[in-house]
Amino acid sequence: MKNKNAHNKALKIKIEFGGFVMQHTVQMFCKLDSRYYSALFETLKQLSKSNHSKFYKEKDGSYHCNLLQENGLHLIMRHSENTEGIGYSALEIIMNPMRLLFQNEYLKLVSMKHCKDIYTAFKRAFVPIKNKFEKKRRNKEIKFRLHLLDSYSYKRIDFALNFCTEHIKQYMKLIKRADIPDGFQQFMRYHKSNRRYVSPEHSFYIFKTSRSQSKVDHVNLTINCYDKGEQLKENGLPCNDKNAKYTIRFEVQCRYNKVYRIIKDNGLNKQGFSQFLRDDIAKNLLHYYFKKTIGFGDYYTLSKAREIIQSKRMNALTRQALLSTLDLVNEKRGIWKVKETVSDKKEFDKRIKRLHELGINPVTIPISWGIDYLPSLFMV
Numbered sequence: 001m002k003n004k005n006a007h008n009k010a011l012k013i014k015i016e017f018g019g020f021v022m023q024h025t026v027q028m029f030c031k032l033d034s035r036y037y038s039a040l041f042e043t044l045k046q047l048s049k050s051n052h053s054k055f056y057k058e059k060d061g062s063y064h065c066n067l068l069q070e071n072g073l074h075l076i077m078r079h080s081e082n083t084e085g086i087g088y089s090a091l092e093i094i095m096n097p098m099r100l101l102f103q104n105e106y107l108k109l110v111s112m113k114h115c116k117d118i119y120t121a122f123k124r125a126f127v128p129i130k131n132k133f134e135k136k137r138r139n140k141e142i143k144f145r146l147h148l149l150d151s152y153s154y155k156r157i158d159f160a161l162n163f164c165t166e167h168i169k170q171y172m173k174l175i176k177r178a179d180i181p182d183g184f185q186q187f188m189r190y191h192k193s194n195r196r197y198v199s200p201e202h203s204f205y206i207f208k209t210s211r212s213q214s215k216v217d218h219v220n221l222t223i224n225c226y227d228k229g230e231q232l233k234e235n236g237l238p239c240n241d242k243n244a245k246y247t248i249r250f251e252v253q254c255r256y257n258k259v260y261r262i263i264k265d266n267g268l269n270k271q272g273f274s275q276f277l278r279d280d281i282a283k284n285l286l287h288y289y290f291k292k293t294i295g296f297g298d299y300y301t302l303s304k305a306r307e308i309i310q311s312k313r314m315n316a317l318t319r320q321a322l323l324s325t326l327d328l329v330n331e332k333r334g335i336w337k338v339k340e341t342v343s344d345k346k347e348f349d350k351r352i353k354r355l356h357e358l359g360i361n362p363v364t365i366p367i368s369w370g371i372d373y374l375p376s377l378f379m380v
């Protein structure tokens, strides 16, 4: 018999929409000529010293500046040159737009309604750097433009949604059994005590790589669905919002090649922050990758899912194929685990898709939980 109390609690899911589109992190860059680069480098170095802020060199040769860290802006001075003598000099910035507006806000996400305030806050954050830069006589002929957000191009954009539910622990266990699409691989960390690589405990974290012309593999796209409260705790980050411990974040991190594809497909400019806050861009992206991984089907116990399939009108062969797929996923404890063992992956993918179309998530709820239903997180 269905636990009505648990069923009602399971339905208490809030999705954080700001229109629809939401952003967590962006990484941007502004190319500089050698004179501009040197002038900015000296300005940041001197300001960092006088403000007792870190300015340090990383192993890759880039210089990192924490001068605006409290504003959610991590500055990187990067200079490189390839074997053909072609150089790249730029100021790169990793920006958390919500922290730019509210310094200790690690839970909420920005949307189009925050756009004007982000532009203003960005300009204001750069005032000390701009003033110091322009005071130097030798910089008089260099027009400072780094305080203007639309001066930058983009190499990474994270689109995300927050889901708030009392059943966060159960959902995360089910999500970790979701599908890993072709071309993606699971992110693994080395666990010292186990002496083996394991997936992160509180997240479903997968990524896709692409090969550059120089035959080097680069991460192109990352999908990370995680327990936000646990992530904040692990990183020692403050959060006064009581909803943090009930929040699941679904995040699609687009790196340079994917960002370029988004720009091309949507007729965007290479520069311009506000255009990436368009509702349709994020909606299509988040919808697509949620469907490819977690899926829109509701969660049931194995017996309840089988019962639903038995009640549907379909031919006997299709019914048996779907029932067998449910049994396999239940036995192996995950879609991606079954995928590693089946000989006909295309046929298996078709069955998974069909189950979702019937409103059934192939990942089933263990009987020991005492509930037989949890709705899909992505309610569209």
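Heads up: the sequence shown is residues 1 to 380, going by UniProt numbering. We put the beta carbon where it would ideally sit given N, CA and C, even for glycine.
Distances from the CA of leucine 148 to each of Thr120, Tyr63, Asn257 and Ile263 were compared; the closest alpha carbon is that of Thr120. DSSP places leucine 221 outside any alpha helix (DSSP H); the residue lies instead in the beta strand (DSSP E), whose first and last residues are 217-227. Between the region 152-159 and the region 23-41 there are three or more C-beta pairs closer than 8 Å, enough to call the two in contact. Within the region 85-127, the beta strand (DSSP E) runs of at least 3 residues that lie entirely inside it are, in chain order, 87-95. In the three-state scheme derived from DSSP, where H, G and I count as helix and E and B as strand, leucine 232 is classed as helix. Under the 8 Å Cβ criterion, the region 170-184 counts as touching the region 345-365, having at least three qualifying pairs.
Sixteen is the threshold: when 16 or more other Cβ atoms of the shown chains lie within 10 Å of the Cβ of phenylalanine 204, as they do, the residue is buried. Straight-line measurement puts the Cα of glutamine 310 at about 14 Å from the Cα of tyrosine 300.
Taking C-beta atoms under 8 Å as the contact rule, threonine 43 and isoleucine 129 qualify, at a distance of about 6 Å. In this model, proline 200 and serine 193 are separated by some 14 Å (Cα to Cα). Nearest Cα to lysine 353 within the set Ile294, Arg313 and Asp372: Ile294. For the pair of segments examined, the region 222-238 was found to touch the region 249-259: the number of CB pairs separated by less than 8 Å reaches three. The three-state reading of DSSP puts leucine 148 in coil, since its state is none of H, G, I, E or B. Under the three-state reduction of DSSP, phenylalanine 133 is assigned to helix. Cβ-Cβ distances below 8 Å link serine 48 to Lys54, Phe55, Cys65, Asn66 and Leu67 in the same chain, with the five nearest sequence neighbours on each side left out; the list follows chain order.
Spatial neighbours of serine 210 in its own chain (CB-CB distance under 8 Å, excluding positions within 5 residues in sequence) are listed in chain order as Asp217, His218, Asn220 and Asn257. Residue burial is scored here from C-beta neighbours: glutamine 231 has at least 16 other C-beta atoms within 10 angstroms and is therefore classed as buried. Bridge partners of tyrosine 373 according to DSSP: Tyr300.
By the Cβ neighbour-count rule, glutamine 23 is buried, with 16 or more other Cβ atoms within 10 Å of its own. Counting along the chain, the unbroken beta strand (DSSP E) around phenylalanine 204 starts and ends at 203-211. Counting only residues of its own chain and dropping the five nearest sequence neighbours on each side, isoleucine 168 has a CB closer than 8 Å to the CB of Asp227, Gly229, Lys245, Tyr246, Thr247 and Ile248. Contact annotation: aspartate 241 and leucine 107 have beta-carbon atoms nearer than 8 Å. Counting every other CB atom within 10 Å of its CB across the protein chains shown gives alanine 178 a total of 16 or more, marking it as buried. Leaving aside the five residues that flank leucine 328 on each side, the residues in its chain whose CB is nearer than 7 Å to its CB run, in chain order, Val338. Taking the Cβ atoms as the reference, phenylalanine 126 lies roughly 11 Å from leucine 100, outside the contact range of under 8 Å. The Cβ atoms of asparagine 71 and glutamine 46 lie no closer than 8 Å to each other. When the Cα atoms are used, alanine 321 and methionine 314 turn out to be separated by approximately 11 Å. Contact check for aspartate 372 against lysine 304 passes: the beta carbons are separated by less than 8 Å. Remark: C-beta atoms of aspartate 158 and threonine 25 approach each other more closely than 8 Å. Assigned with DSSP and collapsed to three states, serine 311 falls in helix.
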